[in-house]
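So the sequence lines, in the order shown, correspond to chains A and B. Counting in numbering that gives the first Met the number 0, the first sequence runs from 0 upward without gaps. Counting in numbering that gives the first Met the number 0, the second sequence runs from 0 upward without gaps. Think of the CB as a built atom: it goes at the ideal place given N, C-alpha and C, for glycine as much as any other residue.
Protein chains: 2
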Amino acid sequence: MVKEIIIIGSGAAGMTAASSARRTDPGAKITVFTEDTDVAYSLCVIPWAIEGKVAWENIVMHTPDYYREKKNIDIMTRTNVDSVDDSSKTVSAAGKTYKYDSLVIATGGKVFIPPIKGTDLRGVFIIRALQDGKNIQSYLKDVRKVAVCGAGVIGLEMALAFSNLGKEVTVIEMFDQVMPRIGEKDMADHIQKYLESKGIKFVLSAPVQSVNGTGKVSSVTAGDKEYPCEMVLFATGIRANTDIPKMLGFDIGQLGGVAVSPSLQPYRKGGLVPNVYVAGDVIQCMSAVATGPTMSQLGSSAVKQGNVAGINAAGGKALYGSIASPWVSVMGEKEIAGTGLSLGLASWYGIEAVWGKASGLTRARYYPGATEMTVKILADAASHKLIGAQIIAGEGATGRINWLTSAIISGITAEDFLARSENAYCPPTSMVKDTVISAVEDLCNKFKAA
Amino acid sequence: MVKEIIIIGSGAAGMTAASSARRTDPGAKITVFTEDTDVAYSLCVIPWAIEGKVAWENIVMHTPDYYREKKNIDIMTRTNVDSVDDSSKTVSAAGKTYKYDSLVIATGGKVFIPPIKGTDLRGVFIIRALQDGKNIQSYLKDVRKVAVCGAGVIGLEMALAFSNLGKEVTVIEMFDQVMPRIGEKDMADHIQKYLESKGIKFVLSAPVQSVNGTGKVSSVTAGDKEYPCEMVLFATGIRANTDIPKMLGFDIGQLGGVAVSPSLQPYRKGGLVPNVYVAGDVIQCMSAVATGPTMSQLGSSAVKQGNVAGINAAGGKALYGSIASPWVSVMGEKEIAGTGLSLGLASWYGIEAVWGKASGLTRARYYPGATEMTVKILADAASHKLIGAQIIAGEGATGRINWLTSAIISGITAEDFLARSENAYCPPTSMVKDTVISAVEDLCNKFKAA
Chain A
0 MVKEIIIIGS GAAGMTAASS ARRTDPGAKI TVFTEDTDVA YSLCVIPWAI
50 EGKVAWENIV MHTPDYYREK KNIDIMTRTN VDSVDDSSKT VSAAGKTYKY
100 DSLVIATGGK VFIPPIKGTD LRGVFIIRAL QDGKNIQSYL KDVRKVAVCG
150 AGVIGLEMAL AFSNLGKEVT VIEMFDQVMP RIGEKDMADH IQKYLESKGI
200 KFVLSAPVQS VNGTGKVSSV TAGDKEYPCE MVLFATGIRA NTDIPKMLGF
250 DIGQLGGVAV SPSLQPYRKG GLVPNVYVAG DVIQCMSAVA TGPTMSQLGS
300 SAVKQGNVAG INAAGGKALY GSIASPWVSV MGEKEIAGTG LSLGLASWYG
350 IEAVWGKASG LTRARYYPGA TEMTVKILAD AASHKLIGAQ IIAGEGATGR
400 INWLTSAIIS GITAEDFLAR SENAYCPPTS MVKDTVISAV EDLCNKFKAA
Chain B
0 MVKEIIIIGS GAAGMTAASS ARRTDPGAKI TVFTEDTDVA YSLCVIPWAI
50 EGKVAWENIV MHTPDYYREK KNIDIMTRTN VDSVDDSSKT VSAAGKTYKY
100 DSLVIATGGK VFIPPIKGTD LRGVFIIRAL QDGKNIQSYL KDVRKVAVCG
150 AGVIGLEMAL AFSNLGKEVT VIEMFDQVMP RIGEKDMADH IQKYLESKGI
200 KFVLSAPVQS VNGTGKVSSV TAGDKEYPCE MVLFATGIRA NTDIPKMLGF
250 DIGQLGGVAV SPSLQPYRKG GLVPNVYVAG DVIQCMSAVA TGPTMSQLGS
300 SAVKQGNVAG INAAGGKALY GSIASPWVSV MGEKEIAGTG LSLGLASWYG
350 IEAVWGKASG LTRARYYPGA TEMTVKILAD AASHKLIGAQ IIAGEGATGR
400 INWLTSAIIS GITAEDFLAR SENAYCPPTS MVKDTVISAV EDLCNKFKAA
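Structure (structure tokens):
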């Protein structure tokens, strides 16, 4: 009998689930429902596409036709799923009912927009699909001043793209630093200064209070001050899109995502739900660093989760473990990356953290093109185990943050890392002692002094 | 009483030992003996200095005067140590005798030159000191054809430097591939092809038989064929410079380096020698991957060893552990890196290895400047533990090889790596699933199929 697999959502998790299900069961009938027009693209690229560094037509890897013809996967675009009934194993969409043997829910996240007035004015944007990016780009043409609400990674990347296009950009953030959730203040301040040097203005400790205008945006009010602008981007955080899971009565975790088993199955009143798998920004994960839940909401995590969900939906066996969630962002000449816990996240888990920090260069001192690199590393004050790290560098942050992620996941202590770790050296790509190791050295010195 | 510390050798190990000894004991009398004229520089940069990418005057970080004035470290340059007596704890140099409480031997390595005729002709060079590089650069001016004997990393980097300066370069290698010791043939062939595309010629499976000429070089003979050239560089491998250790009767290890304890003390007839520490290219290390000895002979290892030797010589406590020896080399637009065991090294330990391989890009598919990345990963066929890796990429190899080194040292299996590893993603610096992970996936598929 042909297995029927339905996937709701066509983001990184949904499309990976579809492809992995196809690899696992070459004969299954696989259908993807999505509200989106395009599939198989990375949202993360939108800032560069808006800026014109990447062509829109290159972003989409495959069309729905490609999936139909080459992978025998049906994709129903612009199709909203109205309801799911997991007792009859059916999905209703666009007036029709579809049966499934296995269901993957990969409905992603929604941009959280604060409940203030004016967010429905023309000129207010969010980014959640490729089309949002195109809409922003075309609206931008007649815009001189932009306000970006939210100084997370996406807000900052977009702010820089706008600034590079010659717009006057003001970033508005309710916390007293940029990247408040995942970045430490000293590291974040460094990025803020860099962006200020590019002409971007920052308004911190100022929650946005209203968007003002008649028909279209003319200003935003934040911290009781008005900032004139013709466009507003809300990059105020992603919340799990749990409409369908809630409709089904699935358990929602403490952080607002669907609680899932290692097989990525949801629970209903504490009992595992059969034949359903959930993946991507909509789920709550388990931290590999602290005993407890975490939200990952990264493209790379969505791909891993989609793979597990797709394999399981097709009758295979795969498990998704706990995660450290390494991330990296490129802002002009700066790369900023992080992994595991920040001081703020550590304190949420009740963990007392000790940190070490070092600055160096990305190449040998005398080698042309060497740029600054700053590494900050956190360890648990009690166990001395590494629990988090952040890097700002002109190049090479990605591989190094993966390196630190591997170390953190292995449960190594700061002292063991210092004793056992080695780094490859060549003048054009590194210092003879990597700054990562110098940062751990600083951390160990703090433990010695304590 | 003031502790007197003598260090023989001013390379990365010797100078790091001096600085670490100073930090450990601010009051010690520290003297470094070296045959070299310059200290505190990295030999690894010489190819780029010869090519003119880096200025000679920038390479030397500090002068002997700096060490004397700022660190209270005496450096006796151009001073050969004639003998050491570790029972009376004295060193004889330049007709004088110096007492020590602790001795660090960091005499480095010697270039192995095959015992053939003609190696004393004018136009024959090796690289072991900064001055060698300067001599080569000045001799090159009247040279059109260069033969490089030895296709290891240094030979290849030098060959490319010569080629970039417009010379006709032939690389002669006795094995049937470039980088025969640390590179796998498929990876090495890729680099060879790249260098051939730059105009470099290769003569493989051809041991060099003679250097020919009257007074100065006019050709080399290899594999019974004669290759006209006006200059020959021998990059035929580094042997531990064990003259002094042998004079003292220290135990020499199976690979030709001084056998040392974790405290970096030598042995004499199996007994630990007090008050003496040995560091750098002269020692034999223990492998962190296979149970057995290994030669590291990397600048980054020398710095770590020098630090341990310096701390211990000054009365502190430090240990040097087992190593995976990650390395990286940059050749034009290519970075090649490795860690742990190659197939050849694995077979030397009697380890049967299984490998996985994947190719991808260093950035998102559509992001400008994306270059190819190929990753090959080895695991022990019996335990499935990762034991080695090699990367060729247009960028980003260094951080990734450190990542894999960390994973290998942690003793993780291929399957566990695949389940637990994560990678940071941003279109300008990575693919959403890093090629490192794809390579391990390929490896796990081979294990599944077996």
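- Under DSSP, A258 (chain A) forms a beta bridge with A:Q283.
- Sequence-distant partners of A221 (chain A) (beyond 5 residues in either direction) whose C-beta falls short of 7 Å from its own C-beta, in its chain, are I171, V202, A205, P206, V207, Q208.
- When DSSP states are grouped into helix, strand and coil, G291 (chain A) belongs to the coil group.
- Residue ranges of uninterrupted alpha helix (DSSP H) with 4 or more members, entirely inside the region 412 to 443 of chain A and ordered along the chain, are 413 to 419.
- The region 266 to 284 of chain B makes contact with the region 303 to 314 of chain B; the number of CB pairs closer than 8 Å reaches 3 or more.
- In the three-state scheme derived from DSSP, where H, G and I count as helix and E and B as strand, D185 (chain B) is classed as helix.
- Closer than 9 Å to the CB of G298 (chain B) there is at least one CB belonging to chain A.
- According to the DSSP secondary-structure assignment, G212 (chain B) is paired through a beta bridge with B:V216.
- Proximity of chain A to A406 (chain B) at the Cβ level (cut-off 7 Å) is accounted for by S405, in chain order.
- Just measuring C-alpha positions, the residue of A:M75, A:I104, A:R77 sitting nearest N311 (chain A) is A:I104.
- At least 9 Å separates the CB of D131 (chain B) from every CB of chain A.
- C-alpha of G393 (chain B) to C-alpha of E394 (chain A): approximately 13 Å in a straight line.
- Around the beta carbon of P426 (chain A), 16 or more other beta carbons lie within 10 angstroms, which makes this residue buried.
- Taking a beta-carbon distance threshold of 9 Å, M178 (chain A) does not count as an interface residue toward chain B.
- Note that the region 354 to 373 of chain B does not touch the region 227 to 234 of chain B; fewer than 3 beta-carbon pairs, one per stretch, sit closer than 8 Å.
- Flagged as an interface residue toward chain A: C425 (chain B), by a C-beta distance shorter than 9 Å.
- Taking the CA atoms as reference points, W347 (chain B) sits about 13 Å from V288 (chain B).
- Excluding five sequence positions before and after F249 (chain A), the CB atoms of its chain that fall closer than 6 Å to its own CB belong to V257, P265, R267, given in chain order.
- In terms of Cα proximity to N79 (chain A), the closest of A:G8, A:A54, A:I115, A:C284 is A:G8.
- According to DSSP, A39 (chain B) shares a beta bridge with no other residue.
- Excluding the 5 residues flanking it on each side, D175 (chain A) has same chain C-beta neighbours closer than 6 Å at L203, S204, in chain order.
- Only those residues of the region 357 to 378 of chain A whose C-beta falls short of 8 Å from the nearest C-beta of chain B are listed: A363, R364, Y365, Y366, P367.
- Between I407 (chain B) and I386 (chain B), the C-beta gap is smaller than 9 Å, which places the two residues in contact.
- A distance of 9 Å or more separates the beta carbons of G355 (chain B) and E371 (chain B).
- Fully contained in the region 313 to 341 of chain A are the following beta strand (DSSP E) runs of length 3 or more, in chain order: 326 to 330, 333 to 339.
- Taking a Cβ-Cβ threshold of 8 Å, none of the residues of chain B is close to R77 (chain A); the smallest such distance is about 24 Å.
- DSSP lists B:K215 as the bridge partner or partners of R121 (chain B).
- Rounded to whole angstroms, V38 (chain B) and P63 (chain B) show a C-alpha spacing of 7 Å.
- At a cut-off of 9 Å, the C-beta of S328 (chain B) has a neighbouring C-beta in chain A.
- According to the DSSP assignment, D141 (chain A) belongs to no beta strand (DSSP E), since it is labelled neither H nor E.
- Residue state for P273 (chain A) is assigned as coil, using DSSP reduced to three classes.
- Sequence-ordered contacts of the region 380 to 397 of chain A with chain B read E394, G395, A396, T397 [C-beta pairs closer than 9 Å].
- Boundaries for P244 (chain B): no beta strand (DSSP E) harbours it, while the alpha helix (DSSP H) harbouring it runs 242 to 246, taken from the DSSP string.
- Residues are counted here when their Cβ sits less than 7 Å from a Cβ of chain A; for the region 214 to 233 of chain B the count is zero.
- Between G117 (chain B) and A48 (chain B), the C-beta gap is not smaller than 9 Å, which leaves the two residues out of contact.
- Taken through DSSP and simplified to helix, strand or coil, R238 (chain A) comes out as strand.
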